[in-house]
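Working notes, structure below.
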Amino acid sequence: MIVINSKDKRIKIGLEIHLQLSTGKLFCKCPDINSTGIKGKFTRKLFPTENESGDVDVAALQEERKNVIYEYQVTDNSCLVEADEEPPHEINAEALETALSIAFSLNSEVLNAVSVMRKVVVDGSNTSGFQRTAVVSTGGYITINGKKVGLTTICIEEDSARRVESGNNYTAFSLDRLGIPLVEISTAPDIETFQEAVDVAREIGMRAMLTGNIRRDSDAIRQDVNFSMGYGRVEIKGISKLSLISEALIAEEKRQKYLAEAVGILVERGGFNGTVLIDYTEKIGKSESKIIQKGIASGNRIYIGKLENLGGILKAGDYRIGKEIADALKLFSIGGFIHSDELPGYGLTEDEVNNIKKFLKCEEKDAIILISIPESKKDLAQDAINKRIEKLSSLNFSETRAANEDGTSRFLRPISGSGRMYPETDIPTIKINEGTLNRLNLDSPKSFDQSLLSFTKEWDISRQEAEIILATGRKKEFIELSRLWEKPREVSRILLQFVPEMERKYKRKLDYNDLKRLTEKIATKNYGRISLEIAIEQCISGKNIETVLMSDDIRPLDRSELKSIVENLRKSGDVKKENIIAKVKNETPRPVDPKIVMELYQNT
Amino acid sequence: MIVINSKDKRIKIGLEIHLQLSTGKLFCKCPDINSTGIKGKFTRKLFPTENESGDVDVAALQEERKNVIYEYQVTDNSCLVEADEEPPHEINAEALETALSIAFSLNSEVLNAVSVMRKVVVDGSNTSGFQRTAVVSTGGYITINGKKVGLTTICIEEDSARRVESGNNYTAFSLDRLGIPLVEISTAPDIETFQEAVDVAREIGMRAMLTGNIRRDSDAIRQDVNFSMGYGRVEIKGISKLSLISEALIAEEKRQKYLAEAVGILVERGGFNGTVLIDYTEKIGKSESKIIQKGIASGNRIYIGKLENLGGILKAGDYRIGKEIADALKLFSIGGFIHSDELPGYGLTEDEVNNIKKFLKCEEKDAIILISIPESKKDLAQDAINKRIEKLSSLNFSETRAANEDGTSRFLRPISGSGRMYPETDIPTIKINEGTLNRLNLDSPKSFDQSLLSFTKEWDISRQEAEIILATGRKKEFIELSRLWEKPREVSRILLQFVPEMERKYKRKLDYNDLKRLTEKIATKNYGRISLEIAIEQCISGKNIETVLMSDDIRPLDRSELKSIVENLRKSGDVKKENIIAKVKNETPRPVDPKIVMELYQNT
Amino acid sequence: MVQTEFVRGTKLKITYNGNELDVTYISKEEGYLTVKLQNGYNITIPENKITVLKSSEPQPVKKKSITLKHGNGIPISLITTGGTIVSAIDYDTGAVHPSTDIRKIIDRYPYMEEKYAISVREFDNILSENMQPNMWIKLAAVIKEELSKSKGVLVSHGTDTMSYTASALAFMFEKLTGPVVMVGSQRSSDRPSSDSFGNMEGAMAFSSTNVGEICISMHSGTSDDSISLHRGTRTRKMHSTRRDAFRSVSGTPIAKFRNKNIEFLSEYKEKSDEILLTGKLEEEISMIYFHPGLKGEDIEKISEGKKAIIIMGSGLGHISQSLFPSVKKVIGTGTKIVMTTQCMSGIVDLNVYSTGRELKKLGVVSAENMLPEVALTKSMYLLGNYPHEDFEQMMKVNMRGEILEREFLGDCY
Amino acid sequence: MVQTEFVRGTKLKITYNGNELDVTYISKEEGYLTVKLQNGYNITIPENKITVLKSSEPQPVKKKSITLKHGNGIPISLITTGGTIVSAIDYDTGAVHPSTDIRKIIDRYPYMEEKYAISVREFDNILSENMQPNMWIKLAAVIKEELSKSKGVLVSHGTDTMSYTASALAFMFEKLTGPVVMVGSQRSSDRPSSDSFGNMEGAMAFSSTNVGEICISMHSGTSDDSISLHRGTRTRKMHSTRRDAFRSVSGTPIAKFRNKNIEFLSEYKEKSDEILLTGKLEEEISMIYFHPGLKGEDIEKISEGKKAIIIMGSGLGHISQSLFPSVKKVIGTGTKIVMTTQCMSGIVDLNVYSTGRELKKLGVVSAENMLPEVALTKSMYLLGNYPHEDFEQMMKVNMRGEILEREFLGDCY
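As they're listed, the protein sequences go chains G, Y, V and B. If you read the first sequence in my numbering, its first letter stands for residue 42, the second for the next number, and so on. If you read the second sequence in my numbering, its first letter stands for residue 42, the second for the next number, and so on. If you read the third sequence in my numbering, its first letter stands for residue 115, the second for the next number, and so on. If you read the fourth sequence in my numbering, its first letter stands for residue 115, the second for the next number, and so on.
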């Protein structure tokens with residue numbers, strides 16, 4: 042039995058934490074929030090450059106990708122820069138300062154100058170074919186449960202375009218996310234347990250939140266995990282929830298253990314010498330298997346191959362070399378693939394399987410595969426299978442994997458080399474003056490508790506409220522609204538209680554800009570909380586913001602209006618000091634000032 | 042009884058003959074032929090200027106027209122000049138020379154300098170709001186049956202846009218015709234009989250045809266007729282066929298005679314003092330008349346008015362003052378109008394009519410009218426009716442009328458004054474040098490017979506063929522094709538016989554440019570008539586010209602191809618000198634040179 | 115020799131080609147007489163072919179005075195400066211000349227006279243290519259005066275240099291209490307098809323909005339159905355003859371007027387409570403269009419005595435390296451050199467290529483994505499009103515919407 | 115003080131901030147050292163913060179020689195002149211520089227190597243803003259040589275002055291035996307998103323058509339799906355940064371390449387049986403951009419010693435009347451003055467307004483609707499090869515499609 046999640050001495054974990062900033066985009070003046078839908082579309086091709094992908098057969102990949110069309114959806118928060126039709130503008134100073142502030146907060150050594158690099162990425166997620174990224178500081182540490190976990194670098198970079206659709210030779214991206222500033226914090230591989238990984242990620246996230254400039258979007262914080270247990274370094278990218286970090290690590294440890302075992306069996310049997318795919322279409326043409334028939338109907342050929350010594354470890358128990366091969370094939374858009382550990386099955390009869398085995402002169406320990414592909418892809422497929430098995434056989438599992446929603450991961454690409462980086466020549470090195478650095482260092486949040494204390498004091502709100510505001514990234518909004526309407530307690534209440542309540546009630550989000558406009562109106566007109574709440578509810582319930590702003594509904598009743606109500610009520614009798622306010626409120630949906638009502642009631 | 046078409050001494054007739062030239066447009070480089078459909082559309086408004094329309098109440102007309110939208114359909118043979126988006130280019134030299142040549146041919150005194158004018162036209166038929174026109178010569182004459190008919194001026198001008206659709210406040214024009222050069226030849230009012238008018242028009246047309254530059258389009262030649270018989274001058278515009286000239290004159294003489302009689306009756310009864318329209322909607326609202334009910338339903342009011350002394354002459358026998366009023370109302374887009382000579386009728390009962398008459402205190406000799414219009418048009422309508430009757434009462438019928446297809450005509454506008462002309466400042470006065478004038482004078486066709494003679498001699502074709510070529514305006518095409526393919530007799534046969542025959546067979550026209558390309562191909566390749574005929578038939582039958590040009594079908598069989606056919610036939614026996622050519626032709630749809638066949642037959 | 119020269123409009127009786135004709139004298143040039151026949155046509159004939167029998171002086175035409183109804187409408191001032199938009203035609207002689215008689219245009223839209231109380235002020239009557247920077251200063255003063263009396267000001271102006279004038283005014287007026295709408299036309303108002311009427315109708319409508327900027331009101335397309343309101347600092351005459359010549363370069367117009375209705379299409383600066391006018395301009399500034407074959411000495415010669423030079427460079431703002439020594443010399447004498455692009459649109463970026471980086475080092479100032487013409491007027495304004503050492507920094511500041519912070523792909527791609 | 119300056123690419127061991135790091139030396143500027151970390155990032159640090167422990171010279175990079183397969187494909191010559199289209203990147207140090215290694219581009223479309231037998235000839239390696247008229251003459255000679263050996267010629271060229279070069283070549287070559295297609299790019303070929311690849315693929319395809327003109331092959335739109343072929347005498351770089359910067363001004367491109375297929379959109383001149391090259395150009399010609407504030411003396415100064423001056427006037431071809439005396443003086447010295455319009459499109463017409471008519475009388479030559487840059491190269495050609503008295507007449511003759519005989523409204527109105 043294999044032990045999972047133990048404090049295995051060989052296990053080393055490192056994290057890369059990516060935080061989106063709410064400062065507007067990094068190299069243009071576009072906002073980070075997209076307010077409307079798709080404004081237009083365009084298509085591009087990307088041409089892989091030599092160094093982009095380490096070990097993968099570049100020529101093959103190029104051949105494969107040259108016909109891939111990337112479609113980009115233009116959004117309101119994108120301009121010529123996102124379309125790769127204009128050089129980047131000067132770096133967003135607020136974003137850079139936020140990154141530096143986080144660096145100071147994490148004891149990292151801030152550089153006096155920032156050199157922006159291009160990191161080549163040709164999966165279409167960057168219109169330019171590269172991501173702009175720059176180191177802002179090196180080193181640093183964070184203390185978790187008394188243990189210092191080291192940091193290697195803190196970078197500021199552009200977020201990539203959001204993938205919205207994927208076809209065979211076609212992928213569509215939205216430009217809404219492209220160019221949003223990301224702060225990337227990389228730890229050293231100092232983390233030893235899965236829980237520790239979660240704790241480190243949480244603490245770093247919290248500290249960054251204190252800047253008030255972290256976006257509050259569902260994928261605003263994403264983690265990459267570096268994991269090694271003796272079989273090379275595996276990088277799992279794109280874990281969007283804290284809770285999934287440990288699940289991903291558990292799954293990866295399990296995968297590597299069983300892979301290593303399976304490879305052990307393979308080696309013991311004599312290893313793998315490469316397979317040759319043979320066109321078997323004519324021979325199996327009469328099979329009743331739907332996969333076979335569908336393949337042939339769409340013009341595919343049916344290839345078979347012998348996988349020497351791989352019988353019983355492609356898919357049996359926890360052995361899963363078959364899935365590894367399938368992942369490798371998927372890179373070239375090859376989906377259909379059947380192996381003998383699953384056979385008979387897929388409509389193939391025992392006889393048909395045996396015939397293939399006989400044809401390929403298989404022994405018991407060998408496996409066979411069937412694959413339905415166009416003739417043009419045969420060499421690609423054969424190559425991909427052989428390379429994958431060879432790589433695994435070497436017991437060096439180093440590679441980049443993508444996190445799945447369920448905690449597992451899939452093969453993405455080999456670990457990228459440093460070769461895919463070169464300078465962004467359009468942006469001169471950015472010198473940061475000493476004064477700015479000193480100011481940022483001084484102001485940077487040194488710990489959550491310390492920040493909480495000063496925040497609570499500054500705004501005169503409860504510690505509990507302050508904690509929620511800081512921890513949920515509402516600091517910036519809170520400060521902005523409190524400056525508009527100088528009632529921080531009311532603002533806090535609106536932000537933390539009323540708005541979420543209404544959003545639940547109407548199953549609808551309130552746009553922050555709308556909230557800001559409503560608050561400004563109430564502040565300028567000196568209307569009070571009730572008015573704001575009525576306005577917010579009307580907005581969330583679907584009313585047009587302009588209508589709400591102009592509506593009489595949010596204007597408190599004035600003295601003369603109240604007077605006539607009070608007098609009418611008095612005429613109808615049945616009013617007393619105890620119920621007069623409730624009665625007046627019953628008469629109107631508009632805000633009522635109880636003080637004035639009481640005054641009017643008593644003085645007439 | 043009134044005598045029609047007599048040699049009435051009072052009758053004076055003048056003609057304006059308009060001939061479209063096939064030289065390309067007058068003030069830009071666009072061709073006069075449109076090769077495709079509609080390329081796009083745009084809309085314009087035109088703002089009447091003070092002087093445009095003589096006597097009509099300009100203010101009223103402006104009020105009426107200011108919301109009229111003109112839509113223009115852009116065609117392939119129009120550019121920015123037609124769209125009134127670019128100043129006119131230099132005048133088309135060939136067009137100007139053609140006009141001058143016609144002038145010389147008609148003994149007119151050619152001017153040494155041409156000053157282009159703008160003639161204001163705001164019915165939308167000119168995108169600029171004016172027509173460019175210039176006098177090229179003054180005076181001149183033509184001799185018909187021994188009588189000299191004088192000319193006043195010969196002008197060169199732009200044709201107007203073609204009206205394709207008309208709605209209430211909307212008219213659509215095609216730009217295909219706009220800017221095509223027109224030569225306008227105006228005769229003095231020397232013509233005395235209707236037949237003479239036809240003869241003069243025919244002779245002038247023939248003479249112009251000799252230039253070879255008159256278009257062969259259905260409306261390429263249009264005549265305006267000036268007619269007077271003592272009641273002022275009436276101009277009837279746009280008679281497109283020679284045969285309609287006399288019909289139009291007959292109709293106009295009749296119209297004026299009966300109008301004069303009717304006016305006589307009116308004057309005898311005491312004349313007309315103007316009508317006042319009264320809103321009668323409430324009173325007649327219950328009528329079962331569909332006109333009334335439809336009018337009310339669409340928001341109209343029903344007005345009635347008394348036409349003093351007009352009973353029985355609005356529409357009775359040949360008296361038709363009612364139609365004159367209706368035409369005047371139509372100018373303001375007022376359609377519905379009923380008068381007592383038609384009543385009872387239109388669903389109005391005897392009682393209803395009598396009630397109106399009683400209401401208006403009508404006597405026997407008076408007429409009544411009913412008119413269904415929006416309230417806003419009441420004053421306009423009243424004014425139009427009163428002005429029209431006053432004008433007729435004066436026995437001065439001078440006006441401009443438009444020819445209908447059936448020989449009758451309708452009121453168009455008052456005779457335009459000279460005030461609507463001013464210089465085209467974008468085009469400097471065009472000086473014509475003496476050399477050019479002398480050459481044109483020398484070359485100008487002095488009579489049809491003389492031209493025919495020299496044409497027949499020059500091209501060595503039969504007199505009959507030459508006559509048809511000249512009289513039907515095919516001179517230019519004939520010369521062009523004969524220069525490409527130096528076989529004028531073959532060209533004549535193709536033009537006059539083969540093409541018309543094929544066009545009848547396939548019920549389809551052959552584009553002249555296609556014919557030119559085919560002829561050029563045959564000439565360059567030295568292929569011969571059969572090839573050209575095959576090519577023409579294929580084209581007319583609907584094959585793409587490019588395909589035809591590239592096709593092997595039109596290439597005559599070469600010697601070796603013929604040889605193998607001849608040999609094959611010989612092998613099959615049954616060939617002799619008499620049938621060999623027919624047999625060979627039977628074997629192939631491609632052109633066969635009988636000489637070679639015979640040679641091959643005899644020499645092997 | 116008989117007299118053949120007369121006052122335009124003189125009625126003559128002549129003999130020509132054996133006939134006696136009553137004509138109106140128009141002009142005489144190079145021995146040719148142009149006369150108007152009674153049917154309205156002009157003919158031009160050699161003077162030696164005619165004999166003048168009789169002549170009578172023309173009646174002087176009474177000049178109609180401009181009288182507009184002044185109802186209770188919105189008070190609008192119209193300042194006329196000349197140009198094609200208001201032109202008059204003398205039908206007797208055919209002469210067309212710029213006019214200030216706005217009556218002709220207002221007449222086309224009688225409702226305008228009800229809706230607005232229009233006061234007309236004649237500033238000048240010139241073709242716009244003759245407009246000089248010192249006249250912009252005077253015009254600004256007149257606009258200030260008129261705007262203080264009305265809700266908005268219209269300025270009728272020739273189209274040739276309208277966008278220069280608009281951008282110069284835009285810099286001079288830091289604050290406005292209402293819209294200042296410049297309006298012109300590409301077809302003169304003597305033609306039935308003139309765009310004057312539509313452009314003026316749109317301009318009137320725009321003049322009573324809350325916009326507090328200097329704008330230009332012209333046709334949106336070739337059709338007469340839509341009039342665009344452009345920002346004065348982002349507009350250019352893009353075609354010599356079309357109605358829709360004026361475009362908001364790389365951006366969207368502020369608004370469109372269509373079916374008597376204004377639709378706002380992009381953000382604008384709202385009107386202020388006060389007018390703030392800084393009416394100084396440095397006039398010693400010239401523009402240079404870079405091209406292959408341009409010599410360093412050309413730059414040096416034209417720069418003599420200039421306070422600044424606007425270069426329209428190629429691409430991202432480049433010029434041939436052979437010109438660098440001259441650029442260095444000129445900058446050495448204290449003349450500012452501003453780099454724009456002749457590409458019509460797109461940004462100047464001196465960071466991308468080595469030539470750009472060298473120019474930056476020499477002290478050349480990038481005009482970002484300002485239009486070259488606007489870089490000119492902005493330089494005139496900055497050097498007229500700011501310390502010279504702030505020049506480079508202020509060129510980068512988006513003062514009047516002259517810099518597009520974001521450029522979009524547009525709808526057609 | 116320790117040594118901190120090295121050859122680019124030198125491997126260093128340094129201490130920084132207490133850590134030992136293996137880095138690659140990139141550059142040093144103003145006391146800052148830029149080094150590449152092992153993870154690929156460059157960092158820039160004050161030199162006083164680091165200590166260099168060890169250094170080792172970089173290995174010289176072997177220059178790859180260009181070898182293209184020469185099958186039985188269509189023979190095409192590619193002449194490289196520099197510019198963005200072929201650029202190389204040294205991943206070790208990050209330097210990007212113009213290159214002539216066309217291999218990188220051909221590689222993207224392996225089928226091209228089968229289809230064409232491409233011979234590459236290096237003409238020069240410069241940024242196009244440094245291209246001068248005398249180089250056009252040399253380039254023309256090289257093109258003639260190459261075209262005599264192949265079916266078509268490609269010329270890779272920087273985009274900044276590509277249309278100047280194209281139009282100059284167009285005038286010099288009266289006849290061509292095949293297409294001469296200029297190709298450039300707006301994004302350098304070191305980027306995965308470069309437009310070089312697509313532009314080159316289109317250019318290759320165009321190079322084996324029957325076109326006998328000098329053309330430009332660039333992106334039709336921002337998308338990578340369509341490449342346009344423009345006439346060299348009607349094209350202009352209309353945007354400083356966009357892929358679709360090149361446009362056929364006021365007209366339609368000759369053809370489009372899409373899905374490996376060429377569609378012809380307008381008429382073109384077919385190739386001839388012979389090459390006719392007249393390789394002379396008059397270089398003493400300058401351009402002047404009219405603007406308010408332009409002084410007569412500016413015109414006079416820049417005209418000294420010039421054979422012709424191209425004025426970019428306003429509107430239909432106007433300049434301020436205050437400049438007329440100088441124009442008269444300059445023409446008096448024998449210098450030709452050609453009037454174009456700064457409106458980008460539309461015709462010059464000196465008949466419409468009085469200022470135009472006066473300029474015409476002074477002897478100013480109208481460039482019709484020629485682009486100003488093309489009026490420049492045409493003047494260079496005419497004054498280099500024709501009698502000067504034929505200048506005005508030849509300017510009006512449409513020699514190489516430089517004059518649009520008809521301008522259309524376009525599809526969007």
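C-beta atoms are modelled at their ideal positions from N, C-alpha and C, and glycine is treated no differently.
By the DSSP assignment, the beta strand (DSSP E) with residue i in it spans what residues?
{"i": "residue 264 (chain Y)", "result": "262-269"}
{"i": "residue 113 (chain G)", "result": "110-116"}
{"i": "residue 136 (chain B)", "result": "133-143"}
{"i": "residue 196 (chain G)", "result": "188-199"}
{"i": "residue 279 (chain G)", "result": "274-280"}
Give the residues of chain B in contact with residue i, contact being defined as C-beta atoms less than 8 Å apart.
{"i": "residue 128 (chain Y)", "result": "430, 461, 463, 465 and 466"}
Along chain V, in chain order, which residues have C-beta atoms closer than 8 Å to that of residue i?
{"i": "residue 408 (chain B)", "result": "400 and 401"}
I want to verify the contact list: residues of chain Y whose CB lies under 8 Å from the CB of residue i, in sequence order.
{"i": "residue 336 (chain V)", "result": "83, 124 and 126"}
What residue range does the alpha helix (DSSP H) around residue i cover?
{"i": "residue 524 (chain Y)", "result": "516-525"}
Give me the chain B residues within the contact set of residue i, using Cβ-Cβ distance strictly less than 7 Å, ordered along the chain.
{"i": "residue 70 (chain Y)", "result": "519 and 520"}
{"i": "residue 247 (chain V)", "result": "406 and 407"}
Problem - Under 9 Å (Cβ pairs) to chain V, residues found in the stretch 451-476 of chain G - result: 466, 467, 468 and 469
Exercise for the section: Give a yes or no on contact between the stretch 365-381 of chain V and the stretch 265-281 of chain V, applying the rule of three or more CB pairs nearer than 8 Å. Expected result: no
Exercise for the section: Determine, using beta-carbon pairs with one atom in the stretch 342-351 of chain B and one in the stretch 474-494 of chain B, whether at least three such pairs fall under 8 Å. Expected result: yes
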